[in-house]
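Numbering (the working numbering), first residue to last: 76 to 247.
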């Protein structure tokens, strides 16, 4: 919903979502790759474990650096309880995990702009889309339902719906 209604047209265009959507839909509709194959390449469990590993190490390095910076300044007392990681760590961890995934490289080898562009486009959608979720349950439900979401928004499905609302296509 956040991608469809929670963003202004200007942000959608200037934020790269419009171009990304064009590249993703062109790829899915012309390269002979099914959304099921893309979803399978992500392997949700391996991806989540990879994200956790990549995210946690970046977060720990940054936190240790924060403590070091505070120890250098004698009048500052470092906070020893780390703050909760923000979306930045999640997106970076996901990007590293996807770049390490050979299945992702195999699937997106024919993507306009290459594998790196495919990952950037997908993460741009993820970053914007995550703003619309209220809980981890909603995120996981979305992740496990993406295949059905695509089927219901595929080009053929959309054209069929459009035809039902246009008198020109109605049977005489």
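Where a beta carbon is used, it is the ideal one built from N, C-alpha and C, also for glycine.
By the CB criterion at 7 Å, residue 182 and residue 116 fall inside the cutoff. Assignment of residue 202 by DSSP, reduced to helix, strand and coil, places it in the helix class. Under the 10 Å beta carbon count, residue 203 is surrounded by 16 or more other beta carbons and is classified as buried.
Collapsing the DSSP output to three states places residue 81 in coil. Remark: C-beta atoms of residue 171 and residue 98 do not approach each other more closely than 7 Å.
Looking only at 180, 198, 197, the smallest Cα-Cα distance to residue 190 is reached by 180. For residue 167, the enclosing alpha helix (DSSP H) starts and ends at 162-175.
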